[in-house]
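Asker: Supplied in structure tokens, the structure appears directly below.
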Amino acid sequence: MSIFNFKIEKKIPNFLGRAGVLTTPHGEILTPSFVVVGTKGTVKSVTPEQLINNGVQVTLANTYHLYLQPGDELIRDAGGLHKFMNWNGPLMTDSGGFQVFSLGVAYGKEISKVVTVTDPSLLISERSSVDDGVPRLATIGNDGVSFRSHIDGSLHYITPEKSIEIQHNLGADIIFAFDECTSPTENNRYQEEALSRTHAWAKRSLIEHKKRELIKDTTPAILEVQPQLASEVVPLGFRTPSFPQALFGIVQGGRSEILRKKSAEVIGSMDFDGFGIGGSFAKEDMSTAVKWVNEILPEEKPRHLLGIGEPEDLFMGVENGVDLFDCVGPTRIARNGTLFTKNGKINILNAKFVKDFNIIDSGCECYTCINYTRSYMSHLFRAKEMLGATLASIHNIYFINKLVSDMRKSILEDNFFDFKEEFLKNYLS
RNA sequence: GCGUCGGUGGUAGAGCGGUCAAUUACAACAGACUGUAAAUCUGUCGCCUUCGGGCUACGUAGGUUCAAAUCCUACCCGACGCA
């Protein structure tokens with residue numbers, strides 16, 4: 001019944017990995033696939049045409065940011081986020097759950113999505129040591145989260161129901177349950193407490209979503225239209241999307257095998273259209289966590305590893321049964337002058353590139369590499385010209401999408417591990 | 001020619017007797033960035049170092065002082081004003 005058909009085309013023998021096709025109201029996503037992040041309804045410095053021309057199938061925007069600016073109701077009235085941002089392909093929105101983390105415990109600290117430590121046991125700390133008096137913009141309650149706007153300081157309260165309401169107003173094809181992304185530095189007791197909250201919020205998100213989908217199905221064209229206005233008079237505005245939206249539940253559980261598996265069972269048994277795997281990881285924990293979870297989640301539904309996007313991590317995820325990834329990495333590092341090449345990342349601001357008239361990555365067929373040299377890129381970045389950010393983003397977006405697309409091809413051609421070995425040998429050398 | 005003001009590290013520009021190898025910004029040189037608080041942030045930025053410190057530096061040359069980028073004298077250079 002759902003038009004969110006997910007078809008698995010081929011599996012990696014004896015592994016969890018697979019290649020598939022996920023159908024959405026705005027087109028198919030060939031998986032595994034990389035989702036480019038456009039938090040505020042734009043992939044920074046890149047137009048939708050440039051995204052499409054460089055291999056992007058699907059983009060992801062953010063509930064929290066768009067709710068604050070320009071407002072979800074405005075976007076609804078504009079005809080939905082697809083139309084507003086001129087992205088007509090598959091579109092996702094994150095729930096704001098990551099901001100519970102990034103504007104909460106992680107605010108003003110050296111904690112990020114992936115923590116690199118040599119000894120993971122160092123991560124276990126008392127909550128009090130994390131809470132060192134640095135003011136936070138997000139405070140967690142059992143019913144929801146209070147956010148202090150990072151834009152103007154105003155106070156906002158987001159509950160699971162509110163997050164779903166916003167995401168229905170925004171109208172992406174795939175939306176996420178409201179969750180609490182925890183820091184790997186939290187102790188086990190806190191992880192357990194946060195997990196039960198995330199599970200309760202998942203259920204509430206699902207109920208709210210179903211309720212809204214039901215109304216949508218019965219009166220698809222005139223939902224929330226003022227009675228006196230016929231739908232043809234208000235062709236697109238003033239209504240949530242007339243197409244169904246998919247809701248993905250999010251698995252958490254920190255570094256604990258017990259909690260991760262428990263979460264996969266609890267979330268996996270709920271009637272979600274797919275699943276996100278969330279949390280901030282210690283790098284060395286990531287593969288085990290993903291594996292524990294994907295062994296339990298229903299095989300026939302798509303899985304999205306939230307916020308992960310380093311090439312080596314993408315191989316890990318695909319091998320362990322992840323279908324979708326999103327990550328700010330490729331575009332953020334691009335804006336800061338770091339570019340992917342098959343032989344590893346380069347910082348185009350380094351002195352050695354000033355007179356390097358080669359292209360960024362030999363053999364690359366992206367718009368940037370077809371037309372420009374490392375020397376020119378170096379010049380744009382040194383001169384702080386805007387085009388530098390655009391051309392660098394285009395290159396990194398092309399690179400990462402090509403990489404995942406090649407992984408998919410290798411699964412279909414039964415040589416995933418050969419491809420992985422060959423790529424990583426060059427990339428990590 | 002006289003007068004006035006000024007000459008500080010790659011640049012601009014603080015400092016105006018000790019706490020000055022010299023605030024700050026920019027440039028330069030590196031690094032970081034993983035569901036975007038991010039076109040951002042961090043470090044280095046005279047030479048040497050066993051990292052304690054040592055040496056050479058604020059136009060040039062002298063001088064005063066326990067101590068000078070800071071005060072005095074002469075000279076050189078620049079800007080402006082008057083001839």
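Counting in our numbering, the first sequence runs from 1 upward without gaps.
For every residue, glycine included, the Cβ atom is placed at its ideal position computed from N, Cα and C.
#1: For a quick check, are the C-beta atoms of residue 430 and residue 58 less than 8 Å apart?
#2: What's the C-alpha gap between residue 261 and residue 327?
#3: State the DSSP-derived secondary structure class of residue 10, mapped to helix, strand or coil.
#4: Give the straight-line distance between the Cα atoms of residue 430 and residue 113, rounded to the nearest whole angstrom.
#5: Label residue 252 either buried or exposed according to how many other C-beta atoms from any shown protein chain fall within 10 Å of its C-beta, with 16 as the threshold for buried.
#6: Whole angstroms is fine: what's the gap from residue 420's alpha carbon to residue 8's?
#7: Could you tell me which of 271, 339, 51 sits nearest to residue 34, measuring between CA atoms?
#8: Check whether the Cβ atoms of residue 394 and residue 373 lie closer than 8 Å to each other.
#9: Taking DSSP as the reference, what is the three-state secondary structure of residue 157?
#10: State the CB to CB distance for the pair residue 277 and residue 255, rounded to an integer number of angstroms; the pair is presumed to be in contact (CB under 8 Å).
#11: Along the chain, where does the beta strand (DSSP E) containing residue 313 start, and where does it finish?
#12: Can you say whether residue 18 is buried or exposed, counting buried as having 16 or more other CB atoms within 10 angstroms of its CB?
#13: Return the chain-ordered list of same chain residues with a C-beta closer than 8 Å to the C-beta of residue 380, the five sequence neighbours on each side being excluded.
#14: Using the three-state DSSP reduction, which class does residue 26 fall into: helix, strand or coil?
#15: What do you get for residue 96, buried or exposed, if any count of 16 or more other CB atoms within 10 angstroms of its CB means buried?
#16: Quick check on the DSSP output: the beta strand (DSSP E) that includes residue 255 runs from which residue to which?
#17: Using the C-alpha atoms, what's the distance from residue 281 back to residue 125?
#18: Closer than 8 Å by C-beta to residue 335: which residues in its own chain qualify, once you throw out the five before and the five after it? Chain order, please.
#19: From what residue to what residue does the beta strand (DSSP E) around residue 327 run?
#20: Consult DSSP for residue 162 and reduce its assignment to one of helix, strand or coil.
#21: For the beta strand (DSSP E) that residue 346 lies in, which residues bound it at each end?
#22: Count the other C-beta atoms from every protein chain shown that fall within 10 angstroms of the C-beta of residue 195, then say buried if there are 16 or more, exposed otherwise.
#23: Can you tell me which residues form a DSSP beta bridge with residue 18?
#24: What is the DSSP secondary structure of residue 103, reduced to helix, strand or coil?
#25: With residue 418 as the anchor, note down where its alpha helix (DSSP H) starts and where it stops.
#26: For residue 137, which residues from the same chain have a beta carbon less than 7 Å from its beta carbon, with the 5 sequence-adjacent residues on both sides left out?
#27: For residue 4 versus residue 20, is the C-beta distance shorter than 8 Å?
#28: Taking all protein chains shown into account, do 16 or more other C-beta atoms lie within 10 angstroms of the C-beta of residue 207, making it buried, or fewer, making it exposed?
#29: Cα separation between residue 236 and residue 370?
#30: For residue 101, I'd like the list of residues in its chain whose CB is within less than 6 Å of its CB, leaving aside the five on either flank, ordered along the chain.
#31: Rounding to the nearest angstrom, what Cα-Cα distance links residue 16 and residue 135 in this structure?
#32: Using the C-alpha atoms, what's the distance from residue 22 back to residue 30?
#33: Taking 8 Å as the cut-off, does the stretch 334–353 touch the stretch 313–323 (at least 3 CB pairs, one atom from each stretch)?
#34: In the DSSP assignment, the alpha helix (DSSP H) including residue 294 goes from what residue to what residue?
#35: Cβ of residue 273 within 8 Å of Cβ of residue 247?
#36: Bridge partners for residue 175 per DSSP, in chain order?
Answerer: Reading from the atomic positions:
#1: Lying before the first or after the last residue shown, residue 430 is absent from the chain, which here runs from 1 to 429.
#2: Taking the straight line from one Cα to the other gives about 24 Å.
#3: Assignment of residue 10 by DSSP, reduced to helix, strand and coil, places it in the strand class.
#4: Past the boundaries of the shown model lies residue 430; the chain is included only from 1 to 429, so the question cannot be answered.
#5: Its Cβ being crowded by 16 or more others within 10 Å, residue 252 is buried.
#6: Rounded to the nearest angstrom, the two C-alpha atoms are 21 Å apart.
#7: The shortest C-alpha to C-alpha distance from residue 34 to any of 271, 339, 51 is the one to 51.
#8: No. Outside cutoff.
#9: It is a strand residue.
#10: Rounded, the Cβ-Cβ distance is 13 Å, inconsistent with contact.
#11: That residue, residue 313, is in no beta strand (DSSP E); its alpha helix (DSSP H) goes 311–319.
#12: Buried, because 16 or more other Cβ atoms sit within 10 Å of the Cβ of residue 18.
#13: So the qualifying residues of the chain are 387, 388, 391.
#14: Note: residue 26 maps to coil in three-state DSSP.
#15: Residue 96 is buried by the Cβ-count criterion.
#16: No beta strand (DSSP E) contains residue 255, which DSSP labels as neither H nor E.
#17: Its pLDDT being 48, under 50, residue 125 is placed unreliably by the model, and the measurement read from it follows with that caveat. Those two C-alpha atoms are separated by around 15 Å.
#18: Leaving aside the five residues that flank residue 335 on each side, the residues in its chain whose CB is nearer than 8 Å to its CB run, in chain order, 44, 45, 389, 392, 393.
#19: From DSSP, the beta strand (DSSP E) with residue 327 extends over 324–327.
#20: In this structure, residue 162 counts as helix in the three-state DSSP scheme.
#21: Residue 346 -> beta strand (DSSP E) spans 344–347.
#22: The residue is buried, with at least 16 neighbouring Cβ atoms inside 10 Å.
#23: Answer by DSSP bridge pairing, in chain order: 11.
#24: Coil, per DSSP.
#25: For residue 418, the uninterrupted alpha helix (DSSP H) segment begins and ends at 416–427.
#26: Contacts found: 103, 107, 147, 148, 150.
#27: At the C-beta level, residue 4 and residue 20 stay beyond 8 Å of one another.
#28: Exposed.
#29: With a pLDDT of 45 at residue 236, under the threshold of 50, the modelled position of this residue cannot be trusted, and the question is left open.
#30: Only 181 meet the Cβ criterion.
#31: Rounded to whole angstroms, residue 16 to residue 135 spans 42 Å at the Cα level.
#32: Those two C-alpha atoms are separated by around 6 Å.
#33: The stretch 313–323 vs the stretch 334–353: no contact.
#34: Note, residue 294: alpha helix (DSSP H), 286–296.
#35: For residue 273 and residue 247, yes; Cβs fall inside 8 Å.
#36: BP columns for residue 175 point to 93, 247.
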